[in-house]
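Structure first, then comments.
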Amino acid sequence: MVRSARPALLLVAIVVAACSSDDGRTAPTIPERADVQAERCLVRVHGRSETGGAPVDRGDHAEVLPYGNDTAGDGFQWRYGTDDEVASATANIEGWIDAVGCEQVILNGFSNGAAAVGALHCRGETFDGRVVGVVIDDPVPDDAVSGCDADPSVAVTLYWTGGLTEAAAGVSCDEIGFTCAGEELLGIDAYAEALGVTVTPSPHDQHVWYRQAPENSVWPEEGGR
């Protein structure tokens, strides 16, 4: 259920730390309470050099659009290769779902954002039991999922377009300019094995976000988790 915040409510901003770019940009602050309030939330975790935005009322759920925890180009990116970076990404996403009042969350990440979602999932992050599903769409298949220790109750789907032809096993992240965890890519097959899932082919054959993936709307039954 989506509900609007009271118009008279004062928004108190809290700052989430983000690395600054050369022009001094940082990610926007997170409101203590957003204008859109919802129990069910689809959290879109964007790719590198893309951006977030204000939460959107989608009728039966809210679409939550966090910004990355670092700047990249004209937009933002997600860094998750160290404990501090994972903590930063976690706090960033958690701040937005708290602001919207989410009680059930589906995390849907694309590209760099998908890899960040994979990293959080493999560390067992459920945001106090609110995550019910994870969709990892065309991720950077890196070392963040090695030794994956995910919560087994969280449903996970891995999509792959085949469009990231340079993202092969053993390729150096630095050589191809990717934001990664670790020095070399695992490749999609080893990445899927670490996650404990099979690769689901995306309907796209280019590096494009499958925004209408059916897993984006699989919510627990009323009264469930």
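Residue 37 in the numbering used here sits at position 52 of the sequence shown; the count goes up by one each step and never skips. All C-beta atoms in this analysis are idealised placements derived from N, C-alpha and C, irrespective of residue type, glycine included. Remember, predicted model here, so these are calculated numbers, not experimental data.
field: Outcome for glutamine 89 when other beta-carbon atoms lying within 10 angstroms are tallied against a minimum of 16
entry: By the 10 Å Cβ count, glutamine 89 comes out buried.
Three-state class that DSSP yields for threonine 230 in the structure shown: This structure gives no information on residue 230, because the portion of the chain shown stretches from -14 to 210.
query: Beta carbon of glycine 32, beta carbon of serine 96: below 9 Å?
result: Yes; because the gap between Cβ atoms is below 9 Å, this pair is in contact.
message: Need the endpoints of the beta strand (DSSP E) that leucine 211 sits in, please.
response: Because the chain spans -14 through 210 in this model, residue 211 falls outside it and cannot be assessed.
message: Helix, strand or coil for cysteine 158? Go by DSSP, reduced to three states.
response: helix
- request: Give the secondary structure of leucine 149 by DSSP, where H, G and I count as helix, E and B as strand, and everything else as coil.
  value: If DSSP states are grouped into helix, strand and coil, leucine 149 belongs with coil.
C-beta atoms of asparagine 93 and alanine 198 nearer than 9 Å: yes
- prompt: Thinking C-beta only, is alanine 166 closer than 9 Å to aspartate 134?
  reply: no
- prompt: Considering only C-alpha positions, which residue in the set Ala177, Ile15, Tyr195, Thr67 is nearest to valine 49?
  reply: Ile15
message: In the DSSP output, what is threonine 56 paired with across the bridge?
response: Phe61
Spatial neighbours of proline 205 in its chain, beta-carbon cut-off 8 Å, leaving aside the 5 residues before and after: Leaving aside the five residues that flank proline 205 on each side, the residues in its chain whose CB is nearer than 8 Å to its CB run, in chain order, Gln89, Val117.
message: Given the structure, does aspartate 59 come close to the ligand PLP, in the sense that its CB is under 8 Å from one of the ligand's heavy atoms?
response: Of ligands this structure carries none, so the ligand PLP is not represented either.
task: For aspartate 68, count neighbouring Cβ atoms within 10 angstroms of its own Cβ and tell me buried if that reaches 16, exposed if not.
output: exposed
- request: Decide if glycine 109 is buried, meaning its Cβ has at least 16 other Cβ atoms within 10 Å, or exposed.
  value: exposed
task: Pull up the CB-CB distance for arginine 115 and cysteine 87, whole angstroms please, since I reckon it's below 8 Å.
output: 6 Å
- prompt: What did DSSP end up calling cysteine 107 once you bin it into helix, strand or coil?
  reply: helix
- prompt: In three-state terms, what does DSSP make of threonine 185?
  reply: strand
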